[in-house]
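Chemist:
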Amino acid sequence: MFKKLKPGESEEDVLRMAAEFNAEKAKNPNFQPAAAFVRMDKAPKKSMFAQKREQAKLGRITSVVENKPVESTPAAKVIQERPTSVLKESQPHVNQALLDEIQENILGDVKGSKLNPSSLGNVLGELVERTDGSRKPANHEPKLVNSGKPLSIFARQLLGASSQNPEQSRTPTNVAEHDRSSIVKDVRLGKELHEENLNVLNQMSERDIMAEKEKLLASLDPSLIALLTKKLQSSQKPVEKKTSPKIIEAPPQRPKVTPSSETQDSPIATLPDSNPALELLQQSDAGNWVNFNLVEEHKLAWMRDIPTKLSELKPGQQFNARFDWKGVLLPHTLKDQDSSTQLDDRELYLHGEEADRPGYTLQELFRLARSTVLQQRISAFGAIAGIFSIYNQGFYDQVLSLPISKIFFLLRFGLDDNAPAQLEVVSRALANLFYNETDEVLLDHIQDNAYCHWQPTLQVLGNGSDDKEGDTDTNSIAFLQRYMKLLTTSQSVRAEVNEDESESRMSMDDFQLAETDLIECLLRTNILQRVRFILDSVKPDNSTVESCLKLLIRIARTSIKVARQLTNESHLIEILFTHFLPSSNGNNQFYGQPQVLFLKLIRLLVCQHLDLAKILSKGVLIVRLQQYLFLQDTKVQMVRVQIEALRILRCLLLLGIVDRDIFRQFLPALRQLLDWHGNHCAFDGVGGSGLVRQHAAALLVALVASGESGVCDVEGQKLLVEPLHNCCCGWLHSATRVEKIKDFSQMTLLSASLYAVSWFSRNGFLGITSFQPFLRSILPKFVQSSGFIASVHDLAKSSVMLRLPLDRRHVHAALPNVGSVLMHDYGPQLIISESYPVHLLSNLWALLAVSLENGEKPLFGALMQPPVLEPLAVYLRQLSSKLNRILATNFFARSELRFIHQLLTTDGMETYLERQQLLQLVYNYLCCLSTAHATQIKSTFERFIFNAEFVKLDEASLKLLQQTCLEMVYPHIIADNSEPSLSLSYTQAPILPADWPFFQLRLILSNYLQNVQQRPAAIYSENQVVRMTLTFVRQLEQEGLQIVSPLEKLMYLMIAFMGPDSQFLTPDLHELLRDILMDFYAQNADHDFDFDAELVDKARFEPLYYLFVEHFEAASYGDELFSSLVLLPLAQKYNNKWRRRLWSEHVQAVRFINCDENLLMGGLSAYLEPVEEEPSLVKLYGDALEEQLVRPGSIAYRIAKHHFNQSTAVQKAKLF
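The sequence shown begins at 12 in my numbering and counts up one residue at a time.
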């Protein structure tokens, strides 16, 4: 028996059933289907005359039938059975007419057609009269609707036809159904049998009935009993068909009904809670809806809630990411929640796979993004835009991996559509990908501090086209580091350093370039031409303008080369100036309005290089800046425009574009703005005053820039100094009264005020006399206030370089960012907090130096108090042990490095630190300074490192050491002032490596490698380099400094023996090497070296060791110090690969290995125990002893003899 198809089964189920049927038919040829499909020819259309004839014929038949009286018999009366033949004979014309009518209704008019008459029987069959006399009504009576609302016409007709005699039409039918037997066809006989059974049962007792029942059940088949029981249960339980509609009474509208009575009386209460129509019908106006009294559950099944029970994931198991329309990553499983108290807020079940999980996968979003329906494309691109917005904030790091390159191409294709709605969402997605909003906001916030006008360039590191000239210098650090990296295999030592192993980017296809440099790939797609077309031809007056400007800003940040390419697009630049830098405001939202983002783009291009600044300033730029600064408009948009105008003016002043004559045109506007801030800028205000404080800070640093460039003459300073002094006094007086400085704009305003007072006091024409009230009264009171003390206490907590987590500068190598977000265990964090006080303290220390130079000591007395100095000492002590050198290279750490130098050069601060802490702090600080801080390295060397007070060496050695170290710094000082630019790399790589005291030993290794390639020798002698370096390092280590790890120090000690002249044999140097080796062995006697460890910017130990062994064979002269270093990796606790390679490939070196047992790290027992169990190595020991390749009595001989004689790994013919 085959089952019927059920709803939800697919074509595969149909094919499976067909295969089962064919297989059954092959077994049994007589097997036939329950129903067969017969295709009938379409009946021809009847003419009008034929239709009238049929109507007349049917009318005559109806009249004949109606003439006979029809008696209405009760339903309980039984009609006697009559043979069918008698019926045919008595009424032949009636049956023939009915047959014709039924035939015509089913097949149409078949007269005159080629239809086979024999096929009629296949459709109709033979008419047979019902055997029982009960007659059922033609239509089932529907449930009466008890509603005060009027029903439809069809419902009224249906109810009217069945309401004449409801009791007669309902009860007899039920009786007939229950009294009828499916086995006994005769009704009378069935009644007689039933009465006889009842009589027998009445005469029996209950115990006899149960006994007979047990006997009957025992004699029957159990499967038959189960079938009858199931049938009985189904007959007693009303069967509900899913497809049968239920008539639900609409709740009548009454004046007032209590909730309890409404719940009990309304038929809606009978619906289960899982019914999807329950929520709709419970609404108050449900009765007004047309035809909503029928609930068809199969049509509402799609509205049912999907179960929340999902499969639990194992720890570490991956799953497909799904996102909502905002780009939010949806969880795989929902947390356990009480359905009675919390609502199910899942959404977006509009996909085929994983129907129990909400959201869309990236593949589904890609499919929607290529749809022909515009709204679907917009929704998909909007979700991708949200994904990138959250991704750039760091919330998806270490959670999911996005195919950024593939998504980029999808977005770039979508940008070629000219539909304004799609352009808006696609450009926003591209802007969210390239324009890191967090980086840009943080850069804008610190822009108005001292020395923060520098802009980071975001070029991909490792680009060979940007190699500095210093990298080709054989004595430069970069050159030596590349040499160290070449030591990966013994063959690679002889490779050329200048060989370019990377594939040229010009030969890369688009996908390869997108994985290498996404900005360069973006430029290859002619993005500048596409943006020009969008802004000039399409002219979308929506957020597409802002998105395009953000893309241009990110392109301008890449490098000077890319910024020059953007500036050379003259048509694009002209369009931008025309539409977004107008002389007056327009009526549109974007076009004809000065755009802040375009002003920011101009500022970035100006900062990239002096040449670009000259090109951009030739037009209307300076005139527009004057117009915007003269406007007295306090709206938010215009305040932002003026802030960017002041920043551009500052950059133009520093680059020398604005001369004295042009600056005189800006003076009235600057004086007007300064007076306005003196009257309206509130330091401790709330709401929108933060933007006003930022405007005031931008104004102050622009005034300082005018003084630094020399364009602000005496008349200009007389015009500006007095209102400047009044503003600074008012702001610091307000800051004295606050409990804590909480807003970063307040910190910026105070920092800018101190910066302006410091510069004009030292370099101004009027001198310090113009600010005496500020320096003598206002500022000391501020330093002693609780708000300032709280800021000093926040220094260690908010420091950038004391943070443990790492930033996300290189989270996607092809698209670097500035690194404003830190990856913490509790989630992403900003690298700079609201209470970051470094800029304020740095400018305060600079002003302290100015006041001391002029004999003003009130500020010094206020600062040199324990409430201020003790938190600073705690901060310095933490830096000596917890300084994060990786975060120290972050662009936002530049100001803090400058402040640390100010603290170290402050007299008296060393009294708060121990000698070891101070030297460790200085050493860590030196390892963090980049090219921008090259001058600070020189002063720190002179003050702490090459000072006889800290390093006890003879004067000649100290002077030579200082000269060699400064030779590494001088090229960077020159490079720092070579380009007229205001931009720096986003990663401030340090000048000095972490192991810079060993730098001279790197020269020995470099000379060794160059001699192999016939390169010139070193400048300094080998004896000088080794003695000077080892003595200097020994002094630093005695002071408590930990410079390198034990493995790194071992490698440098090996390099000391690799000089070309074998100076280690000189008695005085040999004695120094012996002392250092003995100290090293004693300190690391229990240390286990990891010889396979990867070292940053250094060679791995393995290739260096085999170079060392080759040099031992050539120039060791059997030296015991040299031999002890060769033997160190051969101890039994290390991998036997070192022993196997030495005793097989370098067995010639074994002949010369010999040293005293005291020179072996761990003693001789470390090389004898446990006994060797490697058969191949034991065999090598035996071969060396048999062939007399080792000298009898030497350390190598004793080691080989012990392991060969004691080992049981191989069978031995003799012992030694």
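The beta-carbon is built from N, C-alpha and C at its ideal position, and this holds for glycine as well.
Beta strand (DSSP E) containing residue 838: first to last residue?
Modeler: Per DSSP, residue 838 belongs to the beta strand (DSSP E) from 838-841.
Chemist: If you draw a straight line from the alpha carbon of residue 643 to that of residue 385, how long is it in whole angstroms?
Modeler: When rounded, the distance between both Cα atoms is 44 Å.
Chemist: Taking the beta strand (DSSP E) that residue 834 belongs to, which residues open and close that run?
Modeler: Taken as a continuous stretch (DSSP letters only), the beta strand (DSSP E) holding residue 834 covers 832-835.
Chemist: Can you find a C-beta in chain B that's less than 9 Å from the C-beta of residue 832?
Modeler: Looking for chain B here will not work: only one protein chain is present.
Chemist: Spatial neighbours of residue 560 within its chain, please: CB distance less than 7 Å, with the 5 preceding and 5 following residues excluded, ordered by chain position.
Modeler: The residues are 606, 608, 609, 612.
Chemist: Indicate whether residue 743 and residue 668 have their beta-carbon atoms separated by less than 9 Å.
Modeler: No, these two residues do not count as a Cβ contact at 9 Å.
Chemist: In whole angstroms, give me the CA-to-CA distance for residue 853 and residue 545.
Modeler: One C-alpha to the other measures close to 46 Å.
Chemist: Is the stretch 550-557 in contact with the stretch 426-443, if contact means three or more CB pairs nearer than 8 Å?
Modeler: These segments touch.
Chemist: Given a threshold of 16 other Cβ atoms within 10 Å of its Cβ, counted over all protein chains shown, does residue 804 qualify as buried or as exposed?
Modeler: Buried is the call here.
Chemist: From the DSSP output, which residues share a beta bridge with residue 901?
Modeler: Answer by DSSP bridge pairing, in chain order: 998.
Chemist: Identify every residue that forms a DSSP beta bridge with residue 340.
Modeler: Residue 340 is bridged to 334.
Chemist: Between residue 833 and residue 816, how many whole angstroms is the CB-CB distance? I'm expecting something under 8 Å.
Modeler: So it is a contact: roughly 5 Å between Cβ atoms.
Chemist: Quick one: Cα of residue 1 to Cα of residue 1119, how far?
Modeler: This structure cannot settle anything about residue 1, because the visible part of the chain is limited to 12 through 1227.
Chemist: To which residues of the same chain is residue 101 closer than 7 Å at the C-beta, ignoring the five residues directly before and after it?
Modeler: Residue placement at residue 101 is flagged as unreliable, the pLDDT there being 42, under the threshold of 50; the coordinate-derived value follows with that caveat. Cβ within range, chain order: n/a, list empty.
Chemist: Is residue 410 near the ligand PLP, going by C-beta to nearest heavy atom under 8 Å?
Modeler: As far as ligands go, the structure on display features none, and thus does not contain the ligand PLP.
Chemist: Residue 18: buried (16+ other C-beta within 10 angstroms of its C-beta) or exposed?
Modeler: With fewer than 16 other Cβ atoms within 10 Å, it is exposed.
Chemist: Would you call the CB atoms of residue 418 and residue 373 closer than 9 Å?
Modeler: Against a cut-off of 9 Å, the Cβ pair of residue 373 and residue 418 comes out as a contact.
Chemist: Suppose you measure from the CA of residue 380 to the CA of residue 392; what does that come to, to the nearest Å?
Modeler: Cα to Cα, the separation comes out at about 6 Å.
Chemist: Residue 453 and residue 466 - do their beta-carbons sit closer together than 9 Å?
Modeler: No.
Chemist: Please report the straight-line C-alpha distance between residue 1123 and residue 957, rounded to a whole angstrom.
Modeler: About 35 Å.
Chemist: Between the alpha carbons of residue 1114 and residue 1121, how many angstroms are there, rounded?
Modeler: Rounded to whole angstroms, residue 1114 to residue 1121 spans 11 Å at the Cα level.
Chemist: What do you reckon, are the CB atoms on residue 5 and residue 1076 nearer than 9 Å?
Modeler: Because the chain here runs from 12 to 1227, residue 5 falls outside it and cannot be looked at.
Chemist: I'd like the span of the alpha helix (DSSP H) that includes residue 569, first residue to last.
Modeler: Note, residue 569: premise wrong, no alpha helix (DSSP H); not H, not E.
Chemist: Mind checking residue 1165: buried by the 16 CB within 10 Å criterion, or exposed?
Modeler: Flag for residue 1165 reads buried.
Chemist: Just how far apart, CA to CA, sit residue 448 and residue 769?
Modeler: Cα to Cα, the separation comes out at about 33 Å.
Chemist: Taking the alpha-carbon positions, what's the residue 862 to residue 772 distance?
Modeler: The alpha-carbon atoms of residue 862 and residue 772 are separated by roughly 9 Å.
Chemist: Would residue 782 pass as a contact of residue 847 if the rule is Cβ separation under 9 Å?
Modeler: No, these two residues do not count as a Cβ contact at 9 Å.
Chemist: Tell me the rounded alpha-carbon separation between residue 891 and residue 1117.
Modeler: The straight-line gap from Cα to Cα measures roughly 37 Å.
Chemist: Would you grab the beta carbon distance between residue 962 and residue 450 for me? Rounded to a whole angstrom, and I think it's under 8 Å.
Modeler: Contact doesn't hold; Cβ gap of about 42 Å is too wide.
Chemist: Report the three-state DSSP secondary structure of residue 1145 (helix, strand or coil).
Modeler: Looking at residue 1145 - three-state DSSP - the assignment turns out to be coil, as it is neither helix nor strand.
Chemist: Would you report the Cα separation of residue 926 and residue 1221, rounded to the nearest angstrom?
Modeler: The alpha-carbon atoms of residue 926 and residue 1221 are separated by roughly 59 Å.
Chemist: For the beta strand (DSSP E) holding residue 466, just list the boundary residues, first then last.
Modeler: Here the beta strand (DSSP E) through residue 466 covers 466-468.
Chemist: Going by beta-carbon coordinates alone, are residue 1158 and residue 1195 separated by less than 9 Å?
Modeler: For residue 1158 and residue 1195, yes; Cβs fall inside 9 Å.
Chemist: According to DSSP, simplified to helix, strand and coil, what is residue 450?
Modeler: Reduced to three states, the DSSP call for residue 450 is helix.
Chemist: Which class does residue 444 belong to by DSSP, given the choice of helix, strand or coil?
Modeler: Reduced to three states, the DSSP call for residue 444 is helix.
Chemist: Below 8 Å CB to CB, which residues in the same chain sit around residue 411 once its five sequence neighbours on both sides are set aside?
Modeler: Cβ neighbours of residue 411 beyond the five flanking positions: 332, 340.
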